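Asker: Here it is: the structure, laid out below.
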Amino acid sequence: MSGFSLRGFTYMLLIAFLIWSSNFECCIARRGKHLRQSRTFSSSLFKKKGKSYNGNSHNKNHHSGGSNSKPKSPPHKSTPPLPKSPPSHKSVPSSPPISKPKYSPSIPPPKANNGVHSTFFNVLDYGAKGDGNTDDTKAFQATWAATCKVEASTMVIPANYIFYVGPISFSGPYCKANIVFQLDGTIIAPTNPNAWSGVTLQWLEFTKLEGITIQGNGVIDGRGSVWWQDFPYDNPIDDEEKLIVPLNQTQKPPMPVQNEMGRKMPSNKPTALRFYGSYGPTVTGITIQNSPQCHLKFDNCNGVLVHDVSISSPGDSPNTDGIHLQNSKDVLIHSSKLACGDDCISIQTGCSNVYVHNVNCGPGHGISIGSLGKDNTRACVSNITVRDVNIHDSMNGVRIKTWQGGSGSVQGVLFSNIQVSEVQLPIVIDQFYCDKRVCTNHTSAVSLAGINYERIKGTYTVKPVHFACSDSLPCVDVSLTTVELKPIQEKYHLYDPFCWQTFGELRTPTVPPIGCLQIGKPSNNRIQTDHDIC
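Going letter by letter, the sequence shown gives residues -29 to -1, 1 to 505 in mature numbering (1 follows the signal peptide of the UniProt record, and there is no 0).
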């Protein structure tokens, strides 16, 4: 009886264990099914989001602008890399840290020629004729108005057309971000004075835009000769002309003044292409030629990129700067050819973190910082690097020019690996700059410190080095390394290096010897005040 009871009890335990095991497996199975369903749902949701990000729902080309659908933005925000300043060079003295502007557009600006844009608006579909005679200004305005409403869209100016366009503003701030201005045709400026009535300081202007890109193989032609011939003599003169004396005379004759009755065009000459108050503007691939005045200007812009651009106008065209920078930060200019009648690149007040490299300059007046401090104004420029540049057939090479009476400072400048060929004045600091007939003397000045020249080589036709610094605020920490400049006797008097109130060091022997540079610091250097420091 006891054996039967023990055997029965064992069977009952076995049966209970089997039943419990079966229930446990069912539970695990149900839980696994739930997990698989959950993972399948998450994967499906991820795939749907990925499809939306790829933008497959808006790949159609729109020409009439009839669709109101807007491309969706990426689900995340990213900040495009700003053009970085070059790594600090040993020859550049340390300068106070420079705070970079906050630049965080909603999505990265499009890369040049990436071919991935959701919506295209062609100026031909908005009434442009492109025959070189019909005024296409209104058609351009209508096309821009449609393009402006769609993020990352493209305004197309097609090849093999010539568009006659008057002064026009492509403006925000209500435009969407990352618009592309695809220029493959030619845009020409009016030569009729009636087209320039009113304020004509700009011809094509892009204002308060985010991530705007102008790209293509097209041409912007300012047809400036009608302006130059009307105003050959009343333009501001370049003050360095006083240093250039032809061999057959000892003094340059005064420039004649043209009769007012001979004028046809308005007195204010426009800039061909200007960007104002914009973030991340890019210009690449295009040609800008024969501007009435400055060719390409950036004012109050951050994150500027210019590359593979060609700028050209005759060497004697007045005040036709190539690229003009003012109040702009984080600027990168490279791989471009600049030929004009004034500074190839002009860096004005309010500029910092500017990096220029692999640029061909000439003819022109070289690459200049300034002029600064005009009319007793305050100027601040810092962290400027110009390197790997070829300058030829130019009045100046690399130059800093300031007016008497100004305030502020220029600091942290490096000119490196500059090749000059038949340049009249390869290295210039002029703190007595004046483009008027008469200028008054002042004791205050824009302070200059930490100006470095290295590997400046080539030929000059007037004077290799001209350092004219302020009596009250001398230039300090000026260094020269591997400067090798040889004279070429052409049609000008040749002069030895000149230095005035310039202090620093010669880190290597120079050709020719620059014995006028004063080694060390000035003994009576005035201490900077809050009025001087930026």
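Glycine included, each C-beta is placed from N, C-alpha and C at the ideal position.
Every value quoted in this text rests on a predicted model; they were computed, and no experiment measured them.
Here's the rule I'm using: 16 or more other beta-carbon atoms within 10 Å means buried, otherwise exposed. How should K147 be labelled?
Answerer: Buried.
Asker: Alpha carbon to alpha carbon, what distance is there between V449 and residue 518?
Answerer: What is shown of the chain runs -29 to 505, which leaves residue 518 out entirely.
Asker: Compare the Cα-Cα distances from I316 to each of S306, I398, I340 and report the closest residue.
Answerer: Considering only alpha carbons, the answer is I340.
Asker: Does the beta-carbon of R408 have 16 or more other beta-carbons within 10 angstroms, so that it is buried, or is it exposed?
Answerer: exposed
Asker: Return the CA-CA distance between N388 and N367, expressed in angstroms with no decimal places.
Answerer: CA-to-CA, the gap between N388 and N367 works out to about 16 angstroms.
Asker: Where does D102 land, buried or exposed, given buried means 16+ other C-beta within 10 angstroms?
Answerer: Residue burial is scored here from C-beta neighbours: D102 has fewer than 16 other C-beta atoms within 10 angstroms and is therefore classed as exposed.
Asker: Quick one: using the 10 Å Cβ neighbour count with 16 as the cut-off for buried, is V140 buried or exposed?
Answerer: Sequence check: residue 140 is Ser here, not Val. Label assigned to S140: exposed.
Asker: Which word fits I427, buried or exposed, when buried means at least 16 other C-beta atoms lie within 10 angstroms of its C-beta?
Answerer: buried
Asker: Find out if the Cβ-Cβ distance for the pair A243, G193 is shorter than 7 angstroms.
Answerer: Yes, the pair counts as a contact, with Cβ atoms nearer than the cut-off.
Asker: Is the beta carbon of Y135 sitting closer than 7 angstroms to the one on G156?
Answerer: For Y135 and G156, no; Cβs fall outside 7 angstroms.
Asker: CA-CA distance, I415 and C470?
Answerer: Rather than Ile, the amino acid found at residue 415 in this sequence is Ser. Near 19 angstroms, if we compare the C-alpha coordinates of C470 and S415.
Asker: Since I371 contacts I422 with CB under 8 angstroms, what's their CB separation in whole angstroms?
Answerer: 7 angstroms
Asker: Could you pull the start and end residues of the beta strand (DSSP E) that W174 belongs to?
Answerer: 173 to 178
Asker: For the segment 310 to 352, list the alpha helix (DSSP H) runs that are entirely contained and at least 4 residues long, ordered along the chain.
Answerer: Within the segment 310 to 352, no complete alpha helix (DSSP H) run reaches 4 residues.
Asker: Just mark I490 as buried or exposed, buried being the case when its beta carbon has 16 or more other beta carbons within 10 Å.
Answerer: exposed
Asker: Should P241 and L175 be called a contact, given that it needs their Cβ atoms to be closer than 7 angstroms?
Answerer: No, the pair does not count as a contact, with Cβ atoms beyond the cut-off.
Asker: Report the partner residues of W471 according to the DSSP bridge assignment.
Answerer: Answer by DSSP bridge pairing, in chain order: A439.
Asker: Our contact map puts G312 next to G335 with C-beta atoms below 8 angstroms; I'd like the distance itself, whole angstroms only.
Answerer: 7 angstroms
Asker: Among Y145, S124, T108, which residue has its Cα nearest to the Cα of P138?
Answerer: T108
Asker: Can you tell me whether DSSP reads L465 as helix, strand or coil?
Answerer: DSSP, reduced to helix, strand and coil, places L465 outside both helices and strands of the structure shown, so it counts as coil.
Asker: Buried or exposed for D442, going by 16 or more other Cβ atoms inside 10 Å?
Answerer: exposed
Asker: Identify whether S196 lies in helix, strand or coil by the three-state DSSP scheme.
Answerer: helix
Asker: Here's the rule I'm using: 16 or more other beta-carbon atoms within 10 Å means buried, otherwise exposed. How should V482 be labelled?
Answerer: exposed
Asker: Pick out whichever of C446, G429, P164, G486 has its Cα sitting closest to the Cα of P458.
Answerer: G429
Asker: For I304, collect the residues of the same chain with a Cβ closer than 6 angstroms to its Cβ; drop the 5 residues on either side in sequence, then sort them by chain order.
Answerer: Result list for I304: V277, V327, in chain order.
Asker: Residue range of the beta strand (DSSP E) that Q297 falls in?
Answerer: Counting along the chain, the beta strand (DSSP E) containing Q297 begins and ends at 294 to 297.
Asker: How would you write the range of the beta strand (DSSP E) that T373 sits in, first residue to last?
Answerer: 367 to 373
Asker: Could you give the distance in angstroms between the alpha-carbon of Q460 and the alpha-carbon of T432?
Answerer: 6 angstroms
Asker: Should S306 go down as buried or exposed, given a rule of 16 or more other Cβ atoms within 10 Å for buried?
Answerer: exposed
Asker: So, are the CB atoms of N163 and A123 less than 7 angstroms apart?
Answerer: no
Asker: Enumerate in chain order the residues of its own chain whose CB-to-CB distance from M476 is below 7 angstroms, with the five nearest sequence positions on each side excluded.
Answerer: It is Glu, not Met, that sits at residue 476 in the sequence shown. Counting only Cβ-Cβ distances below 7 angstroms, and skipping sequence neighbours, we find S450, I490.
Asker: I'd like to confirm the pairing. Which residues does DSSP put opposite Q395 in its beta bridges?
Answerer: Answer by DSSP bridge pairing: none, since Q395 is not bridged.
Asker: Can you give the beta carbon distance from K120 to G143, rounded, assuming they're within the 8 angstroms contact cut?
Answerer: The Cβ separation is near 12 angstroms, so there is no contact.
Asker: Looking only at its own chain, which residues have a Cβ that is under 7 angstroms from the Cβ of S70, when we skip the five neighbours before and after it?
Answerer: In this predicted model, S70 has a pLDDT of only 37, less than 50, meaning its place in the structure is not dependable enough to derive any value.
Asker: Excluding the 5 residues flanking V384 on each side, which residues of the same chain have their C-beta closer than 6 angstroms to its C-beta?
Answerer: I355, I422
Asker: Would you kindly work out how many angstroms separate the C-alpha atoms of A116 and V151, rounded to a whole number?
Answerer: 13 angstroms
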